[in-house]
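Sequential numbering from 141 applies to the sequence shown in this note's numbering. Glycine included, every Cβ here is placed at the ideal spot set by N, Cα and C. Computed from a predicted model, the values in this text were never measured in an experiment. Heads up, the thing below is written out as structure tokens.
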Amino acid sequence: MEPRQIGLLTPVALLEINNVSKRFAAVPAVHDVSLSVASGEFFALLGPSGCGKTTLLRLIAGFEMPDTGHIVIDGVEMNAVPPYRRPVNMMFQSYALFPHLDVAGNVAFGLKQEGMERRRRDARVAEMLALVQMQDYARRRPHELSGGQRQRVALARALAKMPKLLLLDEPLAALDRKLREETRLELTGIQQRIGTTFIVVTHDQEEALGMASRIAVMNRGAIVQTGGPTDIYERPNSRFVAGFVGAVNLFEGEVGAGNMLQAAGNEPVPLPDRASLAEGTPVALALRPEHIRLMRERPPGFAMAATIASIGYQGSQSTVHLATVQGKTLRADMPSSVASRFERDKPVWVSWEPDDAVVLTT
Ligand SMILES: Nc1ncnc2c1ncn2[C@@H]1O[C@H](COP(=O)(O)OP(=O)(O)OP(=O)(O)O)[C@@H](O)[C@H]1O
Ligand SMILES: [Mg+2]
141 MEPRQIGLLT
151 PVALLEINNV
161 SKRFAAVPAV
171 HDVSLSVASG
181 EFFALLGPSG
191 CGKTTLLRLI
201 AGFEMPDTGH
211 IVIDGVEMNA
221 VPPYRRPVNM
231 MFQSYALFPH
241 LDVAGNVAFG
251 LKQEGMERRR
261 RDARVAEMLA
271 LVQMQDYARR
281 RPHELSGGQR
291 QRVALARALA
301 KMPKLLLLDE
311 PLAALDRKLR
321 EETRLELTGI
331 QQRIGTTFIV
341 VTHDQEEALG
351 MASRIAVMNR
361 GAIVQTGGPT
371 DIYERPNSRF
381 VAGFVGAVNL
391 FEGEVGAGNM
401 LQAAGNEPVP
411 LPDRASLAEG
421 TPVALALRPE
431 HIRLMRERPP
441 GFAMAATIAS
451 IGYQGSQSTV
461 HLATVQGKTL
471 RADMPSSVAS
481 RFERDKPVWV
491 SWEPDDAVVL
501 TT
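So this is what it looks like as structure tokens:
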């Protein structure tokens with residue numbers, strides 16, 4: 141493959157993955173993956189456990205070789221390039237810090253191996269520790285740090301050699317919820333400041349939606365959808381993506397008369413205006429819980445009778461579970477100030493804007 145021309149108008153792909161597959165005995169861990177990541181992107185790989193995320197990172201880093209396909213980084217085909225010669229670094233989930241070295245020693249390690257001369261190395265280590273706000277901890281050993289601090293040292297170490305591409309495997313998995321949220325912001329801030337291309341693996345959809353500029357959703361070794369966070373969340377292309385990326389109400393059925401879905405086990409529900417599918421087509425209608433409105437009085441237009449099964453208070457938000465007359469369960473999310481106007485076991489009317497729902501055919 142020819143290296144791409146670097147021009148002002150063509151966004152340059154830093155990473156091109158073309159039809160890459162990798163099997164372990166009978167397991168197709170990565171199956172026919174093609175992907176292009178531009179320079180400077182914060183890209184997330186999102187998918188359930190065992191779907192092949194780590195294997196894909198290891199293929200990019202060169203710790204595994206593809207059975208078929210090509211990986212091109214910065215215009216150079218990587219199949220014959222060993223891991224240590226690739227402009228890539230990987231931050232492992234376990235952080236893998238050296239316990240016998242202090243923080244500065246950990247960050248300096250790769251630079252020393254590279255033979256970087258002392259003064260430049262010290263300067264680089266100081267710069268990296270400042271970047272992750274760990275300059276006051278340079279002499280501590282890993283066991284004297286909190287989980288979040290270790291995570292930051294691992295990030296500093298991974299960035300010290302200034303890779304063009306940094307692969308991060310579940311970088312926030314070891315942190316508690318609050319620290320995860322703070323660190324998520326730090327990570328995006330650091331990435332924006334240094335401009336290094338990040339590929340972050342996660343199985344946490346909120347994390348992917350909150351951090352990444354683009355997301356690839358993986359299932360069973362394959363990429364099933366790629367897009368920006370709002371594309372993936374608001375316009376999922378399949379039942380799998382709709383269900384994996386956030387909570388969803390699904391109505392299964394077929395397209396009926398008057399742009400209505402003849403739903404199995406439920407009364408007909410309206411399809412979005414733009415859905416122009418032939419009558420009889422089997423489809424699912426996906427509706428996010430935050431699009432459902434509850435009313436005591438029947439509103440004009442489409443509405444469905446239901447009973448409130450439970451109201452789950454979560455602070456600012458509440459989740460209301462509803463049972464329709466036909467016995468289908470629906471989930472509605474709303475501010476707690478709205479949910480508090482309703483009571484358990486009481487009848488309500490459920491409605492939504494038809495255009496807020498998404499029609500799925502796969
Ligand atoms: N070295 C190996 N030998 C055999 N099978 C492997 C090997 N590495 C991974 N696999 C299998 O390949 C599949 C994908 O594994 P991978 O580690 O890439 O998943 P993952 O998406 O990173 O999952 P998780 O979210 O749990 O980390 C799994 O079925 C796994 O058991
Ligand atoms: Mg993994």
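Subject >> C-alpha gap between residue 498 and residue 220, whole angstroms >> reply: If you number the sequence shown from 1, residue 498 lands on position 358. If you number the sequence shown from 1, residue 220 lands on position 80. Each residue's alpha carbon lies about 44 Å from the other.
Subject >> Candidates 446, 475, 466, 444, of which the one nearest residue 459 by Cα >> reply: Position 319 of the sequence shown, counted from the first residue, corresponds to residue 459. Residue 459 has its Cα closest to that of 475, out of 446, 475, 466, 444.
Original post:
Does DSSP put residue 394 in a helix, in a strand, or in coil?
Top reply: Position 254 of the sequence shown holds residue 394. Strand.
Original post:
Are three or more beta carbon pairs between the segment 185–196 and the segment 357–376 nearer than 8 Å?
Top reply: yes
Original post:
Closest by CA to residue 406, which one among 335, 394, 316, 234?
Top reply: Here the question's residue 406 lines up with position 266 in the sequence shown. Closest by alpha carbon: 394.
Subject >> Start-to-end residues for the alpha helix (DSSP H) that takes in residue 262 >> reply: As a working mapping, residue 262 is identified with position 122 in the sequence shown. Residue 262 -> alpha helix (DSSP H) spans 258–271.
**OP:** Verify the contact flag: residue 344, CB atom, against every heavy atom of ligand 2, threshold strictly below 7 Å.
**Re:** Walking along the sequence shown from the start, residue 344 turns up at place 204. No, ligand 2 has no heavy atom inside 7 Å of this Cβ.
Original post:
Between residue 274 and residue 289, is the Cβ-Cβ spacing less than 8 Å?
Top reply: Position 134 of the sequence shown, counted from the start, is the residue given in the question as residue 274. Position 149 of the sequence shown, counted from the start, is the residue given in the question as residue 289. Yes, the Cβ-Cβ distance between residue 274 and residue 289 is below 8 Å.
**OP:** Measure the Cβ-Cβ separation of residue 344 and residue 232 and say whether it is below 8 Å.
**Re:** Stepping through the sequence shown from its first residue, residue 344 is reached at position 204. Stepping through the sequence shown from its first residue, residue 232 is reached at position 92. No, the pair does not count as a contact, with Cβ atoms beyond the cut-off.
Original post:
In chain order, what residues of the same chain have a beta carbon less than 6 Å from the beta carbon of residue 142, not counting five sequence neighbours either side?
Top reply: Numbered from its first residue, the sequence shown carries residue 142 at position 2. Note that residue 142 has pLDDT 44, beneath the 50 cutoff, so the model's placement of it is unreliable and no number is given.
**OP:** Rank 386, 159, 203, 341 by C-alpha distance to the C-alpha of residue 428 and give the top, closest one.
**Re:** The residue you call residue 428 lines up with position 288 of the sequence shown. That would be 386, whose Cα lies nearest to the Cα of residue 428.
Original post:
Can you list the alpha helix (DSSP H) stretches of 4 or more residues lying completely in the segment 284–311, in chain order?
Top reply: 287–300
Subject >> Extent of the continuous beta strand (DSSP E) to which residue 280 belongs >> reply: In the sequence shown, counting from the first residue as 1, residue 280 sits at position 140. Unbroken run through residue 280: none, as it is neither H nor E.
**OP:** Alpha carbon to alpha carbon, how far is residue 357 from residue 265? Give it in angstroms, no decimals.
**Re:** By one-based count along the sequence shown, residue 265 stands at place 125. By one-based count along the sequence shown, residue 357 stands at place 217. Their backbone Cα atoms lie some 35 Å apart in a straight line.
Original post:
Any idea which residues DSSP pairs residue 489 with across the strands?
Top reply: Taking the sequence shown and counting its residues from 1, one reaches residue 489 at position 349. For residue 489, which the question treats as bridged, DSSP gives the partners 435, 445.
Subject >> Beta-bridge pairing of residue 473 - partner residues as DSSP gives them >> reply: Locating residue 473 in the sequence shown gives position 333, where the first residue counts as 1. Paired residue(s): 459.
Subject >> DSSP-derived helix/strand/coil call for residue 325 >> reply: The residue given as residue 325 occupies position 185 in the sequence shown. Under the three-state reduction of DSSP output, residue 325 falls in the helix class.
**OP:** Could you have a look at residue 410 and say whether DSSP puts it in helix, strand or coil?
**Re:** The residue you call residue 410 lines up with position 270 of the sequence shown. Residue state, collapsed to three classes: strand.
**OP:** Out of 391, 293, 436, point me to the one whose CA is closest to residue 494's CA.
**Re:** The count along the sequence shown starts at 1 and reaches residue 494 at position 354. When each option's Cα is compared against that of residue 494, the closest is 391.
Subject >> Cα-Cα separation, residue 147 to residue 217 >> reply: As a position in the sequence shown, residue 147 is number 7, starting the count at 1. As a position in the sequence shown, residue 217 is number 77, starting the count at 1. Here the model assigns residue 147 a pLDDT of 47, short of 50, so the residue's position is not dependable, and the following value carries that caveat. Going from the Cα of residue 147 to the Cα of residue 217 covers about 20 Å.
Original post:
Sorted by chain position, which residues of the same chain lie with C-beta nearer than 6 Å to residue 445's C-beta, five sequence neighbours on each side aside?
Top reply: If you number the sequence shown from 1, residue 445 lands on position 305. So the list reads 465, once near-sequence residues are dropped.
**OP:** Excluding the 5 residues preceding and the 5 following residue 485 in the sequence, name in chain order all residues of the same chain whose CB lies nearer than 6 Å to its CB.
**Re:** The residue given as residue 485 occupies position 345 in the sequence shown. Result list for residue 485: empty, nothing under 6 Å.
Original post:
Excluding the five sequence neighbours on either side, which residues of its own chain have a C-beta within less than 8 Å of the C-beta of residue 298, listed in chain order?
Top reply: For the purposes of this step, residue 298 is identified with residue 158 of the sequence shown, where counting begins at 1. So the qualifying residues of the chain are 229, 230, 231, 306, 308.
**OP:** Could you have a look at residue 235 and say whether DSSP puts it in helix, strand or coil?
**Re:** To locate residue 235, count along the sequence shown from 1; it is residue 95. Reduced to three states, the DSSP call for residue 235 is coil.
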